[in-house]
Structure formats: structure tokens, C-alpha cells
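For reference, the structure discussed in these notes is given below.
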Amino acid sequence: MAIGVARVRVGRRIEAADGRLSSLSYEAFAGIAKLRAAAAESRAFGQWLGRYREFRALNRASAHLTNLETAMLAILQPAAATLVLWLAWQLAQDPAAQALSVGQFVAFQAAMFALLGGVHGLVSTALDLAALAPSWERAKPLLETAPEDGARGKIRHTPRGAIELSDVSFAYAGGPEVLSGIRLSIRPGEFVAIVGASGSGKSTLLRLLLGFEMPTRGNVRYDGLVLPALDLRTLRAGIGTVLQGGKLWAGDLYANIAGAANLTVDDARAAARAAGLEADIEAMPMGLYTMVGEGVSTLSGGQRQRVLIARALAGKPRILLLDEATSALDNLSQATVLASLAQREATRVVIAHRLATVRGADRIVVLEKGRIVQEGTFRELAAAPGPFAGDARAAGAVGGGPRGGTSSSSCPCRPGRPACRRRRSARAWR
5 MAIGVARVRV GRRIEAADGR LSSLSYEAFA GIAKLRAAAA ESRAFGQWLG RYREFRALNR
65 ASAHLTNLET AMLAILQPAA ATLVLWLAWQ LAQDPAAQAL SVGQFVAFQA AMFALLGGVH
125 GLVSTALDLA ALAPSWERAK PLLETAPEDG ARGKIRHTPR GAIELSDVSF AYAGGPEVLS
185 GIRLSIRPGE FVAIVGASGS GKSTLLRLLL GFEMPTRGNV RYDGLVLPAL DLRTLRAGIG
245 TVLQGGKLWA GDLYANIAGA ANLTVDDARA AARAAGLEAD IEAMPMGLYT MVGEGVSTLS
305 GGQRQRVLIA RALAGKPRIL LLDEATSALD NLSQATVLAS LAQREATRVV IAHRLATVRG
365 ADRIVVLEKG RIVQEGTFRE LAAAPGPFAG DARAAGAVGG GPRGGTSSSS CPCRPGRPAC
425 RRRRSARAWR
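What follows is the structure in C-alpha cells.
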């Protein structure tokens, strides 16, 4: 049993070391271009080698314990047989002891070996089960996570565009509230922009709208129906979504744009046109059948983002949820995408930092530390004191820029001279 306890302890360390090694290997391969750009290959290999040596040393220790266990179990029966023969010999040499017949001795020995065989199997099984404990502990969180019940006993409702958040609050398990008392009513076809500093809860709000997380207090409603009552798969199929850091699938552009929907090539082309991607696709030798995927440098960052936008538009959804969906686009491409979105009869909830993205919103909601602190149109918020006006002035969108009253063609650092890099960067941010 002492060996079993030692194997469990070493097994836990092996699982932890394996996780660290696998994580580092994945990160190294995923970021190999960045490692090469920083000339950090040797340093990364050194880190990997250190973790690999730790992993190998623990595996050798586990192998030694396994061999010791096997050897001890292997000598159990011969040792017991030797002990029985020795005891029988001692009894035979003692005149006062009752003599055993040959038949009695053989019967006793057979029974003893049967018992030892069972004990051997029981101990071996117990040790094997104990050795599985570290793997079980590592898999336990996944196995205990309740699967998302998105269909059984739920209302199959395709959203028509109305969204309401009633006093919604949310906190991750064991953490502070990320969102607190959110009250927001969005009409069908309305363009609502969500802005705020990093960490203010914008992306978490989007996760609540998609049902990835459920509010700890309050309700999310679509067309008057509470989110827990809805079939999540049907709901999400009626929503076009671009999440921050969205990924492409391994395959061609057509498969990436069509997604899981049964769309024709013409549908995919129309979605690409709406995302301002049609000219780029036509310039590719294989057109819609150009192979793309994560880690493949076929597309630029802006093109990849437009593919994700085209995927969101392909199913003609009545609701669009966009999280920094145009952050990698140049000004012309962004203008094309925004104009295309404006022509659609769809509710748009857009998270963005660039003021040009939210300038045309029907309503802008400003989040700060998980709370709504301002709400209104661009003009109203820019004129009112608050965080939005401060950010807009810092970006040069209102009040003549960071040095209020400075014209867009002059330099705030050197009056009377052409706009310097600082001023040009502020205009580009807009």
C-alpha cells in the first residue's frame, strides 16, 4: 500500500508536469512567428527542455515504483509457499505437536495458494485503481460540468429583434460582480453601441446575450421570452455573431462563410459582398475555394475579420452581435461594412473602441466597472460631461482634439505647423 500511495503522489506530479509541457508546446507552435521575430527560439527551447526533463524524471520515478510493485507481487506466492513448508517442517520436528497427514498438508497448501491468488489479484487491482486517481482528478472538472441543455423541453423561437435586460447582474464563480444592475431595452432594428474601458464588462454582456453564461440576478429576454425558456441552438441560429478573437475553420472560404447553414455559393458571395470582401475573393486564383485556416497566412488580418463578418451575415439574421468586429479593418473597408450593415433590417449590438464605428449608432451605452453610467446618442454624450466626452476629446473627435480648439490641420505640439504624427494618429483613430 505504501507503494500505491507513492504512485498516486508521483502520478499527480506527472499530470501537472504533462499539462505544463503540453501548454508550452502548444504556445510555442502557435506563436512560432513571434518567437522568430524576437530571436527567442533558443530561450523558448530552453524552457521546453527544462519542463521535458522534469516530465521524464517523474516518468522514470513512476516506472521504478511500478517495477518495485511488480517484483513484490511476484515474490508473494513463492515466499508464502516457502513459509508454509518451513512451518510444516518445524511441526514435523516437534514431538509434542499433532502430526499432519500428507493429505491434510496438501489440502491446506492448495487452500492457501487459492487465498494468496485472490489476495494478489485484489492488491494488484487496488494499486492499479490508485494509479488512476491523478488522471481522474484531472478529468473530473470536465466530467462534472453539466452539458448545455439547449433543446429538450424548451421553446424553439427564432428571434425577431427585440432584446431586454432587466436588472441583470453577473459574477463568475467565487469572484466579484462583473455586471451589476444592467437595465437595457433594445427595439427591433435598433443600432446600439456598447463602449467602455477594457474590463468594464462589455464582452461578458455579449456572453449573457448568447446564453454562454446565465445572470446571477435579473433576466435576459428576447421578444418578451426569458432566455432560460428558449432553445439556445434555435436562438443562436437566428443571431449573427462575431466574437472578439474569432477563429477561421480549416477549409475553403465558402465553407467558412456558409458555416453550418445550408447556403448556396450565391448566398456566400452575397455575404462576402456585404462584408466588402468580394473584390479580394475575385483577386484570388481559387476564389471562394481558396483554402484558409488558423495559422495559415493566406489572408491578412482585415480579410480574416471580414470573413467572420460575412459568416455572421450569411444567414440573414434579425440580430447581429459584434464584438470588435472591425478593429482590424482600414477606414475604407470599415466604411463599406458599416454602410452594408446599415441597410439591413437587423438589430445591431456592437462593441467597439473606434469612434467611427459607433458614431452612427441610434444609442450608445457606456459601461464602467460593470454598470451603465451613460446612455444617449453620439452628439448627446459628446456634449455631456462624462467618460465618453473625455475619450472623444482625447481622440480628437470633438472639441478640436486633445488641445481643444486646435484645427485638424495644425499641430497641437507646434502651433502653426502641419499636423505631426501625434495629431495624425488621433485622426486615424477616429
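Going by the numbering used here, the first residue of the sequence shown is number 5, and it counts up by one from there. Glycine included, each C-beta is placed from N, C-alpha and C at the ideal position. Just so it is clear, the structure is predicted and the values come from calculations on it, not from any experiment.
Query, Result
"Inter-residue spacing [alpha-carbon to alpha-carbon] between R358 and T162", "31 Å"
"Secondary structure of D270, DSSP reduced to three states", "helix"
"CB-CB length for I167 against I198, believed under 8 Å", "So it is not a contact: roughly 12 Å between Cβ atoms."
"Pairwise C-alpha distance: G380 and L371", "12 Å"
"Cα-Cα separation between A241 and G319, rounded to whole angstroms", "8 Å"
"Option in N223, L210, R60 and N266 with minimal Cα separation from D327", "L210"
"Coil, strand or helix - S46 by DSSP", "helix"
"Completely contained alpha helix (DSSP H) runs for the stretch 295–333, where each covers 4 or more residues", "305–318"
"Contact between the stretch 44–54 and the stretch 168–185 (3+ Cβ pairs under 8 Å)", "no"
"Y226 - DSSP class collapsed to helix/strand/coil", "strand"
"Stretch pair the stretch 27–40 + the stretch 87–96: three plus CB contacts closer than 8 Å", "no"
"Top-ranked residue by Cα proximity to L324, from A339, I261 and L247", "L247"
"CB of S207 within 8 Å of CB of I355, strictly", "yes"
"Segment limits, alpha helix (DSSP H) that includes L371", "Per DSSP, L371 belongs to no alpha helix (DSSP H); it is in the beta strand (DSSP E), R367 to E372."
"Element boundaries [alpha helix (DSSP H), containing S170]", "Per DSSP, S170 belongs to no alpha helix (DSSP H); it is in the beta strand (DSSP E), I167 to A175."
"G394 vs Q378 beta-carbon contact at 8 Å", "no"
"Rounded C-alpha distance that separates R367 from Y226", "19 Å"
"A262 beta carbon less than 8 Å from that of A272", "yes"
"Same chain, Cβ closer than 8 Å to A388, neighbours up to 5 away in sequence not counted", "Q378 and G380"
"Inter-residue CB distance, A254 and A314 (contact presumed, cutoff 8 Å)", "Not really, about 17 Å apart at Cβ, beyond 8 Å."
"Reference V12, options E141, A115 and F109, closest by Cα", "E141"
"Backbone secondary structure at A20 - three-state DSSP", "helix"
"Secondary structure of G8, DSSP reduced to three states", "helix"
"Opposing strand residues paired with D256 [DSSP bridges]", "M295"
"Bridge-paired residues (DSSP) for E379", "V369"
"Beta-carbon contacts of T294 that lie in its chain and below 8 Å, excluding the five residues immediately before and after", "D256, L257, I285, M288 and T302"
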